[in-house]
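Student:
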Amino acid sequence: MTAHALLVAGTTSDAGKSVVTAGICRWLVRQGVKVAPFKAQNMSLNSFVTREGAEIGRAQAMQAQACRVEPSAAMNPVLLKPGGERSSQVVLMGRPVGEMSARGYHGGRREALLGTVLECLDGLRADHDVVVCEGAGSPAEINLRHTDIVNMGLARHARLPVLVVGDIDRGGVFASFFGTVALLSPQDQALVAGFLVNKFRGDVSLLRPGLDMLASLTGRPTYGVLPFRSGLGIDEEDGMGVPPRERERAHAGGGRESMAGPPVGAEVLRVAVCAVPLMSNFTDADALAAEPGVVVRFVDRPEELADADLVVVPGTRGTVRALAWLRERGLADALVARAATGLPVLGICGGFQLLGEHIQDDVESRAGSVDGLGLLPVRVRFAPDKTLARPVGEALGERVEGYEIHHGVADVVGGEPFLDGCRAGQTWGTHWHGSLESDAFRRAFLREVAAASGRRFVPAPGTSFAGLREERLDRLGDLIEQHADTDALWRLIESGAPPGLPFVPPGAPA
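In terms of the working numbering, the sequence shown opens at residue 4 and continues consecutively.
1) Give me the Cα-Cα distance between G19 and G13, rounded to the nearest whole angstrom.
2) Closer than 8 Å is the cut-off here; do at least three beta carbon pairs connect the stretch 483-490 with the stretch 458-468?
3) Per DSSP, which residues does D170 bridge with? Please list them.
4) Please classify E251 as buried or exposed, where buried requires at least 16 other C-beta atoms within 10 Å of its C-beta.
5) Which residue marks the beginning of the alpha helix (DSSP H) containing A12, and which one marks its end?
6) Under 7 Å Cβ to Cβ from A398, same chain only, skipping five residues before and after it: list those, please.
7) Is DSSP giving R450 helix, strand or coil here?
8) For the candidate residues E55, L10 and A25, whose alpha-carbon lies nearest to that of R393?
9) Quick check: V135 and R128, are their CB atoms within less than 7 Å of each other?
10) Between the stretch 406-418 and the stretch 59-75, do three or more beta carbon pairs fall short of 8 Å?
11) Give the range of the beta strand (DSSP E) segment to which C277 is assigned.
12) Is there contact between the stretch 166-176 and the stretch 191-204, where contact requires at least three CB pairs shorter than 8 Å?
13) In three-state DSSP terms, what is G19?
14) So which of G182, A161 and A343 has the shortest CA-CA distance to A143?
15) Please report how far the alpha carbon of F468 lies from the alpha carbon of G405, in whole angstroms.
16) One question on the structure: do S21 and A62 come within less than 7 Å of each other, judged by their Cβ atoms?
17) Give the straight-line distance between the Cα atoms of G26 and H131, rounded to the nearest whole angstrom.
18) Looking at the secondary structure, which residues open and close the beta strand (DSSP E) in which L349 lies?
19) Would you list the one or two residues that DSSP bridges to L83?
20) Going by beta carbon distance, what residues of the same chain come within less than 8 Å of G354, once the five residues before and after it are set aside?
21) On the three-pair Cβ rule with 8 Å, is the stretch 366-378 touching the stretch 328-342?
22) Using the Cβ count rule (16 or more neighbours within 10 Å means buried), how would you classify V395?
23) Take V165 as the anchor and find which of R223, D310, L95 and A309 has the nearest alpha-carbon.
24) Take the Cβ of H434 as the centre, count every other Cβ of all protein chains shown within 10 Å, and call the residue buried at 16 or more, exposed below.
25) Taking the alpha carbon of E474 as the reference point, which residue from M65, M46, L10 and A43 has its own alpha carbon closest?
In structure tokens form, the structure reads like this:
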């Protein structure tokens, strides 16, 4: 028997599709349903490595955790990793298959991937009771409809009912709902079951007249109104184009519920994360932000490093470009001066590579030979093959788990060993993403940072990052259970057939 499935689409990017998908997954699994997430195509610089060594979007890994299942490449068969404004690395079934321009991808390659996408979805449906699919961007991107494999294209081929999520906090949610349906062809409209309002602040009764009118105009119900909740701390897809202070509010705030303050007699530790171009896996800072007494902010000016106890140079899809950006902004000089005075600096992945002595890049930027910042005795060359791994090791006397996603190969020629990289004084470097999620290691590392910074910081021994993630996922499940019409939602999932509701406003495309 083929499993039931639902597609969660959105009126816009960042409408809350990932949150709603994860919430529905957690709600279902708490009802004893065997459920899996699915996103046919994801564009993200935040990725994860599965146990079989496949690279997928971190949002889908998070959704798999919401389902209490192990993430797999089938949950995100196509991943696009932007390398600039006009090109992306295409990752198919967890492995990179080359760089492609947007024109080249939308001009033909995407249609060829539909078979793989449908095969993955069919496989998940064969092994689970329900598959909750997430769309991308908006289903009303009519300029790209002919090659769509993630929104209505997927829904049409797999006969999926579609739930459209809208972010009311942005304003204009009723027009967005109406316009989304109005722009679809009648065949696509027939698959749209209804709407879900996200991020509402205030009295829901005041929204009722609008919801009633929306139902009258479109013939479709609203399946719930989710209240605005800060500090959900889910893994975001990327930070491209978002100003550093926006990232601070949206991302570093992911640990706000744990910010009750440091233990009595201790001080606050301040962490500055350099908001480099093409920043990837900036979720590495989540575990720091979750630690009581640690404040994390994303910065782009050298003066913002002055009061930092720890500066993190995060991963990036453009190591050489990020290095040039640091030099142009004056941040490179600030990092060099900081290291000379023995203040802590941590480089992760691309951030680790640019802290080294030399970079030979004929793959990513094709810039050839480039001098690094010279803070670590490391020489890096970029290899055509990407390293994808889930290493386990030990550092500072504690067990550490992580994951690696990089083309750069580091030749460590000195310093003290640190995971796969090294440390020189209080400058540290590693390719391992996720290492700070290992609680005992994170606390040991923060004690080192505090000592070097002259702070009386005492990490809270009971902080469990994995436990905090579970709490957040349960909160997402609670949002669905308490504020969505779960009976109607379950009937929609269980029906297994598109609703076929009429709505063809004048001028709708055929």
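Heads up, the beta-carbon is just placed ideally off N, CA and C, and yes, glycines get one too.
Model, not experiment: these values are computed from the prediction.
Tutor: Quick answer:
1) Reading the sequence shown from its first residue, position 16 is the one you call residue 19. Reading the sequence shown from its first residue, position 10 is the one you call residue 13. Using only the alpha carbons, I get a separation of about 7 Å.
2) no
3) Here the question's residue 170 lines up with position 167 in the sequence shown. Paired residues: N201.
4) Position 248 of the sequence shown, counting from 1, holds the residue named residue 251. Low confidence applies here, because E251 scores a pLDDT of 45, under 50, leaving its location unreliable and the question unanswered by this model.
5) For the purposes of this step, residue 12 is taken as the residue at position 9 of the sequence shown. Careful: A12 lies outside any alpha helix (DSSP H), inside the beta strand (DSSP E) at H7 to G13.
6) Stepping through the sequence shown from its first residue, residue 398 is reached at position 395. Counting only Cβ-Cβ distances below 7 Å, and skipping sequence neighbours, we find F421, L422 and F444.
7) If you number the sequence shown from 1, residue 450 lands on position 447. Helix.
8) For the purposes of this step, residue 393 is taken as the residue at position 390 of the sequence shown. The residue with the shortest Cα to Cα distance from R393 is E55.
9) If you number the sequence shown from 1, residue 135 lands on position 132. If you number the sequence shown from 1, residue 128 lands on position 125. Result no, Cβ atoms of V135 and R128 do not sit closer than 7 Å.
10) no
11) Here residue 277 refers to the residue found at position 274 when the sequence shown is read from its first residue. L272 to C277 is the extent of the beta strand (DSSP E) around C277.
12) yes
13) Here residue 19 refers to the residue found at position 16 of the sequence shown. Reduced to three states, the DSSP call for G19 is coil.
14) Counting from one through the sequence shown, the residue named residue 143 turns up at place 140. Residue G182 is the option with its Cα nearest to A143.
15) Working through the sequence shown from its first residue, we reach residue 468 at position 465. Working through the sequence shown from its first residue, we reach residue 405 at position 402. Cα-Cα distance, rounded: 14 Å.
16) Working through the sequence shown from its first residue, we reach residue 21 at position 18. Working through the sequence shown from its first residue, we reach residue 62 at position 59. Yes; because the gap between Cβ atoms is below 7 Å, this pair is in contact.
17) Stepping through the sequence shown from its first residue, residue 26 is reached at position 23. Stepping through the sequence shown from its first residue, residue 131 is reached at position 128. Their Cα atoms are separated by approximately 17 Å.
18) Working through the sequence shown from its first residue, we reach residue 349 at position 346. Taken as a continuous stretch (DSSP letters only), the beta strand (DSSP E) holding L349 covers V348 to I351.
19) Position 80 of the sequence shown holds residue 83. Answer by DSSP bridge pairing, in chain order: M46 and V93.
20) Here residue 354 corresponds to residue number 351 of the sequence shown, with the count starting at 1. Only C277, V279, V315, V316, P317, G318, T319, A325 and G432 meet the Cβ criterion.
21) yes
22) Sequence index remark: in the sequence shown, residue 395 carries index 392 (1-based). Classification for V395: exposed.
23) For the purposes of this step, residue 165 is taken as residue 162 along the sequence shown, with counting starting at 1. Measuring from the Cα of V165, the nearest candidate turns out to be R223.
24) The sequence position of residue 434 within the sequence shown is 431, counting from 1. Buried: at least 16 other Cβ atoms inside 10 Å.
25) On the sequence shown, residue 474 is found 471 positions in, with the first residue counted as 1. For E474, the nearest C-alpha among the options comes from M65.
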